[in-house]
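The block underneath contains the structure these notes are about, expressed in structure tokens.
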Amino acid sequence: MIENNENIARIRKDRTFGACNGGWAYDAYPELETLDAGRSITIAEIKGPAVITNIHSTQHFIRDENLYDEDRKAMVTRGVILEIYYNDMETPSVRVPIGDFFGDGCCGKAQHFTTPFVEKAPESYNCFIPMPFETSAKVVIKNDTEYNMSNYSFVEFEKLPEWNDELGYFHAAWKRFDFQLDGKTDQHFFHVDGCGHLLGRAWSVCTDEPFFRGFHFVMEGNNEVRIDGDEEPRADYLGTEDSFGFSWGFQKTFMGLHNGMNFVHPENPSMLSIYRFRSQNPIRFTKSLDWRIDWSNEWVNNENFQNRITQLKSENRLWVDYATTFYWYQETPGYDHGEMMLLDDRVKKILHPNVVK
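Using the numbering used here, the first residue of the sequence shown is number 5, and each one after it goes up by one.
Rendered as structure tokens:
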């Protein structure tokens, strides 16, 4: 959240600052762990009540002459996982590949950008999202790859004088999935049960389908938000680009404070990294939140389009690939993330290539 001028200038004698380091175990700091192949390292363990105010991590470096630059980026962005646990729970509230968490979409292809929430800076990532907790917090980085990585991370926090039950626990969840997109597609994207509010989204969209070059038709589709079990959507954004704050498709990069397209590659293949944060207008829910995209209302009267898309689907084409990160606050910590996708699939440029005969 962006602090107003009064809060920035306010002296708070009831708050104390703290910081934790991780990942740089060389001669001067032998007590810190290294992010070696297959290892998890804890970069912060903090007693509450407190609030995490900043997470900083290097864009990890792999020294291996057999890795091309694109493969290296994929390994360090999708092969390293960020996890955050609250109140000694075994289930993480945050579990996201580190690049995706910091909006570095399409396996590390995003341009440098900054927002009040996350940023990709030269050779580093930073998160400024406040993460309050009552009892404890643990921040973990996992290296799922076979490569040792150079890493330095730190976490900054403030101790709170007491816990306030109105504070929510920050969560983030990621998944990557593919599907055939045709004139009848109604695709589920995200669901959470509980009471809280949605803070934002960061998505990567990829397809090598020539018919979808430049995100033709992919950008369409009604983004439907159902709250607390609504049968009908509470919000129905008429186009994915509009739901992220843009119009007439995804044409060129723009790095805004709240909305951005930090990577746009229109063809061969079409690849896109987009984000939207909602500090002033969060989507609040008391029981549940559900996000779907429904393409079935698009171009229904265009016979040529419908015939063409039916033909391409019969040829096992029209595959699109989404990697989505949702950020939200919730009254209680913990979230069922399911099984993390295998590393080989996480780092692929395209999850399901389209074979053009």
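Note that CB positions come from ideal geometry on N, CA and C, so glycine has one too.
CA-to-CA distance, residue 312 to residue 5, given in whole angstroms: For the purposes of this step, residue 5 is taken as the residue at position 1 of the sequence shown. For the purposes of this step, residue 312 is taken as the residue at position 308 of the sequence shown. Residue placement at residue 5 is poorly supported in this model, since its pLDDT is 41, which falls under 50; the coordinates are not used for a value here.
Spatially closest choice to residue 300 from 275, 52, 310 and 352, by CA coordinates: Here the question's residue 300 lines up with position 296 in the sequence shown. The residue with the shortest Cα to Cα distance from residue 300 is 310.
Contact check, residue 218 vs residue 302, beta carbons under 8 Å: Mapped onto the sequence shown, residue 218 falls at position 214. Mapped onto the sequence shown, residue 302 falls at position 298. Residue 218 places its beta carbon 8 Å or farther from that of residue 302.
Helix, strand or coil at residue 223 [DSSP, three-state]: Within the sequence shown, residue 223 is the residue found at index 219, counting from 1. Under the three-state reduction of DSSP, residue 223 is assigned to coil, being neither helix nor strand.
Entirely enclosed alpha helix (DSSP H) segments - the region 64 to 152, minimum 4 residues: Complete alpha helix (DSSP H) runs here, min 4: 73 to 82, 102 to 105 and 109 to 112.
Bounding residues of the beta strand (DSSP E) (the contiguous stretch that carries residue 20): As a position in the sequence shown, residue 20 is number 16, starting the count at 1. Per DSSP, residue 20 belongs to the beta strand (DSSP E) from 20 to 26.
For residue 62: DSSP bridge partner residues: Against the sequence shown, residue 62 aligns to sequence position 58. Answer by DSSP bridge pairing, in chain order: 128.
Unbroken alpha helix (DSSP H) run spanning residue 246, endpoints: Along the sequence shown, read from residue 1 onward, the residue named residue 246 stands at position 242. First-last of the alpha helix (DSSP H) with residue 246: 244 to 247.
Through-space distance from residue 60 to residue 239, alpha-carbon basis: Within the sequence shown, the letter at position 235 stands for residue 239. Within the sequence shown, the letter at position 56 stands for residue 60. C-alpha separation (whole angstroms): 35 Å.
Closest residue to residue 367 among 275, 264, 51 and 319 (Cα-Cα distance): Past the edges of the chain, shown from 5 to 361, lies residue 367, and the structure says nothing about it.
Residue 242 burial status per 10 Å Cβ neighbour count (16 or more: buried): To locate residue 242, count along the sequence shown from 1; it is residue 238. Flag for residue 242 reads exposed.
Cβ-based burial, residue 87 [other Cβ within 10 Å; buried from 16]: Position 83 of the sequence shown, counted from the start, is the residue given in the question as residue 87. Result: buried.
Cβ-Cβ distance between residue 54 and residue 24 below 8 Å: Reading the sequence shown from its first residue, position 50 is the one you call residue 54. Reading the sequence shown from its first residue, position 20 is the one you call residue 24. No, the Cβ-Cβ distance between residue 54 and residue 24 is not below 8 Å.
From 151, 97 and 280, residue whose alpha carbon lies closest to that of residue 66: Looking up residue 66 in the sequence shown gives position 62. Comparing alpha carbon positions, the residue from 151, 97 and 280 closest to residue 66 is 151.
The region 96 to 110 touching the region 157 to 171, judged by at least three CB pairs closer than 8 Å: Touching, no.
Run of the alpha helix (DSSP H) containing residue 309, from where it starts to where it stops: Position 305 of the sequence shown holds residue 309. Looking at the DSSP string, the run of the alpha helix (DSSP H) that includes residue 309 is 307 to 318.
Cut-off 7 Å between Cβ atoms - residues of its own chain near residue 188, not counting five sequence neighbours on either side: Start at 1 with the first residue of the sequence shown, and residue 188 comes out as number 184. Excluding residues within five positions, the ones whose Cβ falls inside 7 Å are 300.
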